[in-house]
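Trainee: Below you will find the structure I want to go over with you.
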Amino acid sequence: MSKVYQPQDKFFKKAKEQGYRARSAFKLQAIQDRFHLISPGDHVLDLGAAPGSFLQLVEKLVGSKGLAVGIDLKPIEDLKKPNIKTIVGDILDDAIYQQLGIDQFDVITSDLAPSTSGVKSVDAGRSFQLNEQVLNVAEKYLKLGGHVVMKAFPGAEHQQLLKKAKGMFKNIKTFKPEAVRKSSREEYVIGIERIA
Ligand SMILES: C[S@@+](CC[C@H](N)C(=O)[O-])C[C@H]1O[C@@H](n2cnc3c(N)ncnc32)[C@H](O)[C@@H]1O
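Read in order, the letters of the sequence shown correspond to residues -6 to 189 in this note's numbering.
What follows is the structure in structure tokens.
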């Protein structure tokens, strides 16, 4: 049996069975299982949140005393949970953050994926630009001691991103969850305990 990519792989099926809107939930679940970043009662900001599977998982992890706020260019169909709030907009637009309703988060997650050109270096550059903004947002809206999770497609500027993150967090880890397709260059950069 060939090992070529099957669109309906095991994580796609698992997402359907468990009511998640996307298989990405299992990427965040693997990060949570390894690093234990999100706790009950936390306020979590999710950048690039549509269709909402990270938010579905975060909502369960933070519980009724916590809050999950998601921002995306695309509207997110109502998740019908009182502790989830969604905002439609561009994370690069500073005005969008006036709608957060809270000014300090315990955790910021980003599964942002730029629109792809198919040219690896161009796509990696766009991902870098988004992640630079994730760190700018963390500088403004992440509590000291808080954590960040961001999806990266490492390219020429990746070391620059890691260098900036190293100056902000006690520990930086990179992690490729099993749910990331083997053929993808995607990985997650995790900043643990904001120090600056
Ligand atoms: C892989 S999807 C996120 C999946 C999501 N984590 C989930 O679990 O359902 C990436 C998202 O990033 C969003 N995105 C890309 N660039 C953006 C930007 N500048 N501002 C806001 N959202 C953006 C896209 O619209 C897309 O919905």
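For each residue, glycine too, the CB sits at the ideal point set by N, CA and C. Note that this is a predicted model, so its numbers are computed, not measured.
Starting from Gly56, trace the beta strand (DSSP E) both ways and give me its first and last residue.
Mentor: First-last for Gly56: undefined, no H or E at that position.
Trainee: Report yes if the CB atom of Ala61 is closer than 8 Å to the CB atom of Glu52, and no otherwise.
Mentor: Yes.
Trainee: Which parts of the segment 15 to 82 are runs of the beta strand (DSSP E), unbroken and 3 residues or longer, counting only runs that do not cross its ends?
Mentor: 36 to 40, 60 to 65 and 77 to 81, all fully within the segment 15 to 82.
Trainee: Report yes if the CB atom of Ile9 is closer than 8 Å to the CB atom of Gly34, and no otherwise.
Mentor: Note that residue 9 corresponds to Lys in the displayed sequence, not to Ile. Not in contact: Lys9 and Gly34 (Cβ atoms no closer than 8 Å).
Trainee: Could you have a look at Glu150 and say whether DSSP puts it in helix, strand or coil?
Mentor: Coil.
Trainee: To the nearest angstrom, how far is the alpha carbon of Gly56 from that of Arg174?
Mentor: Using only the alpha carbons, I get a separation of about 30 Å.
Trainee: From Ile84 to Lys6, what does the alpha carbon distance come to, in whole angstroms?
Mentor: Rounded to the nearest angstrom, the two C-alpha atoms are 30 Å apart.
Trainee: Would you list the one or two residues that DSSP bridges to Leu135?
Mentor: Leu135 pairs with Phe98.
Trainee: Would the C-beta of Ala18 count as close to ligand 1, meaning under 7 Å from any of its heavy atoms?
Mentor: For ligand 1, at least one heavy atom lies less than 7 Å from the Cβ of Ala18.
Trainee: With a threshold of 7 Å (Cβ to nearest heavy atom), would Ile84 be considered close to ligand 1?
Mentor: Yes, Cβ of Ile84 sits closer than 7 Å to a heavy atom of ligand 1.
Trainee: Does the Cβ of Lys67 lie closer than 7 Å to at least one heavy atom of ligand 1?
Mentor: Yes.
Trainee: To the nearest angstrom, how far is it from the Cα of Ile24 to the Cα of Lys157?
Mentor: If you take the alpha carbons of Ile24 and Lys157, they lie about 21 Å apart.
Trainee: Once the 5 residues before and after Ala18 are set aside, which same chain residues still bring their CB inside 7 Å of it?
Mentor: Only Ala8, Ser46, Phe47, Gln49 and Leu50 meet the Cβ criterion.
Trainee: Taking 6 Å as the limit between beta carbons, can you name the residues of its chain near Ile80, skipping five residues before and five after?
Mentor: Once the five neighbours on either side are set aside, the close Cβ partners of Ile80 are Ile64 and Gln92.
Trainee: Per the DSSP calculation, Met193 is bridged to which residue(s)?
Mentor: Here the chain has residues from -6 to 189 only, and residue 193 is not among them.
Trainee: Please go through the same chain and pick out, in chain order, the residues whose beta-carbon is closer than 8 Å to the beta-carbon of Arg27, but skip the five residues on each side of it.
Mentor: Only Phe168 meet the Cβ criterion.
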